[in-house]
Amino acid sequence: MRKQIVAGNWKMNNDLKQTQTLISELKNQVQTSMAEVMIAPTFTNLVGACDALQNSEIEVIAQNMHFAENGAYTGEVSATMLKSIGVNTVILGHSERRAYFNENDELLAKKVDAALAKNMRIIFCFGEELQDRNSGHHEAVVERQIKKALFHLSGEAWGSIVLAYEPVWAIGTGETASPDQAQDMHAFIRKTLAEEHGQDLANNVSILYGGSVKPANANEIFSKADVDGGLIGGAALNAEHFFDIVNAF
Ligand code: 13P
């Protein structure tokens, strides 16, 4: 059975003190939820977040990692390093990494393999730009992104993959994909997966939606059959808003 997940991607926000404050606010809000709850603070705050959230329902995850295990890669962090502090899940392929740090499908496939080799779970992000949607190419773009980075994986490896559809035009813009647009794309992704790996596997992969999810729209988006949760940016920086979204299930 696929899982319902709400993950907060903090991006490059919150210094040490702000991280501590937000985490203690989150701890006050947490209740038993139907969904798995995750937060992704910056690298500098991962150790502290893991300590503060030990024995909590909130999992601490990373926003990125390098494909190599160690070596001359100034400024980078490896899967082994993340695992050594208790981080077992990593976001890969975020559109901001693709756009500002030139991460392409080939590089992402290497990162995916490296994370899986260390038994990490991956939240793999992808999504079309506005021009792709306006020209009717959104499905083709998404199909290419997931095929190139993920379709070499075995059926077993898919147990460690969570997909996150984040249309670039909806990220941080306040413009959300409509619940129907999200559902249509998620159903397309599941169909594409089923064609490659069978319906059973496709039914077991969680597909999250990301892009301007807020307390006011979360319930309608999450109520769609193929939407298994959300990857939340801006609204995850406020404990009350984040848990309103978690509780939208
Ligand atoms: P917003 O929720 O701020 O649009 O960001 C979404 C996102 O990029 C999550 O990874």
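Just so it is clear: in the sequence shown, position 244 is 738 by my numbering, and no numbers are missing. We put the beta carbon where it would ideally sit given N, CA and C, even for glycine. Just so you know, these numbers come straight off a predicted model, no measurement behind them.
{"query": "Rounded C-alpha distance that separates ILE652 from LEU695", "result": "The sequence shown places Trp at residue 652, rather than the Ile named in the question. So the alpha carbons of these two residues sit roughly 8 Å apart."}
{"query": "Given 8 Å, three or more beta-carbon pairs between the segment 734 to 743 and the segment 497 to 505", "result": "yes"}
{"query": "Cβ pair GLN557, THR536 closer than 9 Å", "result": "yes"}
{"query": "Buried or exposed by the 16-neighbour rule on C-beta atoms within 10 Å, applied to ALA593", "result": "exposed"}
{"query": "Contact belief for PRO661 with GLU622 at Cβ below 8 Å, rounded distance in angstroms", "result": "6 Å"}
{"query": "Buried or exposed by the 16-neighbour rule on C-beta atoms within 10 Å, applied to THR460", "result": "It is not possible to answer for residue 460, since the shown part of the chain is limited to 495 through 743."}
{"query": "Inter-residue spacing [alpha-carbon to alpha-carbon] between LYS605 and GLN525", "result": "34 Å"}
{"query": "Nonlocal neighbours in the same chain, by C-beta distance under 8 Å from VAL554, ignoring five residues either side", "result": "MET532, ILE533, ALA534, PRO535, LEU540, ALA543, CYS544, LEU547, GLY580, VAL581"}
{"query": "Three-way DSSP call (helix, strand, coil) for LEU725 in this model", "result": "strand"}
{"query": "Bridge-paired residues (DSSP) for TYR703", "result": "TYR659, GLY724"}
{"query": "Proximity test, HIS588 beta-carbon vs the ligand 13P heavy atom, cut-off 8 Å", "result": "yes"}
{"query": "heavy atom of the ligand 13P below 8 Å from ILE499 C-beta", "result": "no"}
{"query": "Own chain partners of ASN698 with C-beta closer than 6 Å, once the 5 adjacent residues on each side are dropped", "result": "ARG496"}
{"query": "Buried or exposed by the 16-neighbour rule on C-beta atoms within 10 Å, applied to GLN693", "result": "exposed"}
{"query": "8 Å Cβ shell around THR574 - same chain, five flanking residues per side excluded", "result": "GLU563, ASN564, LYS612"}
{"query": "Beta bridge counterpart(s) of LEU586 as assigned by DSSP", "result": "PHE618"}
{"query": "Start-to-end residues for the beta strand (DSSP E) that takes in GLY542", "result": "Counting along the chain, GLY542 falls outside any beta strand (DSSP E), though it belongs to the alpha helix (DSSP H) covering 540 to 546."}
{"query": "Any non-hydrogen atom of the ligand 13P closer than 8 Å to ILE585 Cβ", "result": "yes"}
{"query": "Burial state of LEU702, where buried means 16 or more other Cβ atoms lie within 10 Å", "result": "buried"}
{"query": "Beta-carbon gap between ILE617 and LEU516 smaller than 9 Å", "result": "no"}
{"query": "Any non-hydrogen atom of the ligand 13P within 8 Å of ALA710 CB", "result": "no"}
{"query": "Cβ-Cβ distance between LEU610 and GLY587 below 9 Å", "result": "no"}
{"query": "Any non-hydrogen atom of the ligand 13P closer than 8 Å to LEU725 Cβ", "result": "yes"}
{"query": "For GLU530: DSSP bridge partner residues", "result": "ILE499"}
{"query": "Integer-rounded CB distance, given that TYR659 should sit under 8 Å from PHE620", "result": "7 Å"}
{"query": "ASN667 Cβ short of 8 Å to the ligand 13P heavy atom set", "result": "Correcting the residue identity first, residue 667 is Thr in this sequence and not Asn. Yes, the beta carbon of THR667 sits closer than 8 Å to at least one heavy atom of the ligand 13P."}
{"query": "The ligand 13P heavy atom lying under 8 Å from the CB of ALA730", "result": "yes"}
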